[in-house]
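Written out below as structure tokens is the structure these notes cover.
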């Protein structure tokens with residue numbers, strides 16, 4: 004059973020470009036989460052999605068960031084007009100249905116902004 | 638709001654020595670607590686979870702954690718450290734969300750170094 008798959012593992016963008024991060028959850032998992040890890044910090048919750056629905060985006064920056072989980076295909080975290088402060092590791096996690104089920108994490112995408 | 642505090646951003650032990658990584662939580666409801674380990678350039682791997690069934694929780698790789706409500710603590714221990722335990726460890730508390738999911742709030746992590 005494949006784990007949570009994220010790609011790319013590393014992404015380099017110049018200021019002002021767009022970054023697209025992809026996440027395929029574990030088979031059978033209907034809940035997808037995105038977290039951001041800034042240097043020397045723990046992971047911070049960004050957004051929680053189910054198929055075709057954003058359930059909770061309370062951790063998302065108000066501008067430039069968006070997320071989706073379409074009916075077909077992976078979940079996408081999109082960052083428009085990237086700035087230096089967006090440099091971080093972005094992790095996707097998935098879990099099965101059920102309260103407080105453990106979340107399973109992908110290996111992350113390391114985003115570097117030049 | 639729920640929160641987690643990990644005391645000690647860096648812990649160093651000798652191989653074979655006891656490992657103790659501290660975690661204190663703040664929660665207005667009975668908490669669900671987790672310990673994760675992160676190896677360099679990898680994602681987080683679940684070590685163990687507390688879901689109110691038993692206060693002493695055993696996890697993978699010989700780790701265990703004890704939930705102490707009176708102390709609001711969930712410290713992680715391992716009797717004998719191994720070189721392969723060197724990694725960063727995160728404590729997290731879970732908060733239920735609308736839709737049946739849950740949000741993890743993480744501590745800032747403890748980097749464990751194991752020396753010969």
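Protein chains in written order, with this note's numbering: chain A, 4 to 117; chain B, 638 to 753.
Cβ coordinates follow ideal geometry from the N, Cα and C atoms, glycine included.
This one's a predicted model, so the numbers in the text were calculated from it and none came from an experiment.
Going straight from the alpha carbon of residue i to that of residue j, what length do you get?
{"i": "residue 107/A", "j": "residue 31/A", "result": "12 Å"}
{"i": "residue 58/A", "j": "residue 78/A", "result": "13 Å"}
{"i": "residue 104/A", "j": "residue 48/A", "result": "16 Å"}
{"i": "residue 692/B", "j": "residue 730/B", "result": "15 Å"}
{"i": "residue 71/A", "j": "residue 62/A", "result": "15 Å"}
{"i": "residue 109/A", "j": "residue 654/B", "result": "31 Å"}
{"i": "residue 736/B", "j": "residue 53/A", "result": "8 Å"}
{"i": "residue 645/B", "j": "residue 84/A", "result": "37 Å"}
{"i": "residue 8/A", "j": "residue 20/A", "result": "24 Å"}
{"i": "residue 750/B", "j": "residue 723/B", "result": "5 Å"}
{"i": "residue 14/A", "j": "residue 25/A", "result": "11 Å"}
Whose C-alpha, out of the options, is nearest the C-alpha of residue i?
{"i": "residue 34/A", "options": "114/A, 21/A, 51/A and 40/A", "result": "51/A"}
{"i": "residue 18/A", "options": "61/A, 86/A and 29/A", "result": "86/A"}
{"i": "residue 682/B", "options": "689/B, 696/B, 688/B and 691/B", "result": "696/B"}
{"i": "residue 745/B", "options": "688/B, 678/B, 734/B and 725/B", "result": "725/B"}
{"i": "residue 734/B", "options": "42/A, 39/A, 60/A and 44/A", "result": "60/A"}
{"i": "residue 716/B", "options": "700/B, 704/B and 677/B", "result": "700/B"}
{"i": "residue 661/B", "options": "747/B, 741/B, 708/B and 749/B", "result": "708/B"}
{"i": "residue 685/B", "options": "732/B, 752/B, 723/B and 714/B", "result": "714/B"}
{"i": "residue 80/A", "options": "6/A, 46/A, 115/A and 36/A", "result": "36/A"}
Assuming contact is defined by CB atoms lying nearer than 8 Å, are residue i and residue j in contact in what I supplied?
{"i": "residue 643/B", "j": "residue 668/B", "result": "no"}
{"i": "residue 12/A", "j": "residue 100/A", "result": "no"}
{"i": "residue 657/B", "j": "residue 719/B", "result": "no"}
{"i": "residue 739/B", "j": "residue 102/A", "result": "yes"}
{"i": "residue 40/A", "j": "residue 91/A", "result": "yes"}
{"i": "residue 73/A", "j": "residue 55/A", "result": "yes"}
{"i": "residue 641/B", "j": "residue 704/B", "result": "no"}
For residue i, count neighbouring Cβ atoms within 10 angstroms of its own Cβ and tell me buried if that reaches 16, exposed if not.
{"i": "residue 117/A", "result": "exposed"}
{"i": "residue 93/A", "result": "buried"}
{"i": "residue 98/A", "result": "buried"}
(message) Short of 8 Å Cβ to Cβ, which residues in the segment 733-746 of chain B face chain A?
(response) 733, 734, 735, 736, 737, 738, 739, 740, 741, 742, 743, 744, 745 and 746
(request) Could you name the residues of the segment 669-695 of chain B whose beta carbon sits closer than 9 Å to any beta carbon of chain A, in the order they occur along the chain? (result) Here the close residues are 669, 671, 673, 675, 678, 679, 680, 681, 682, 683, 686 and 688.
(request) Note down, in chain order, all residues in the segment 51-68 of chain A with a beta-carbon under 7 Å from any beta-carbon belonging to chain B. (result) 51, 53, 58 and 59
(message) Give me the subset of the segment 717-734 of chain B whose CB atoms are less than 7 Å from a CB atom of chain A, sorted by chain position.
(response) 727, 731, 733 and 734
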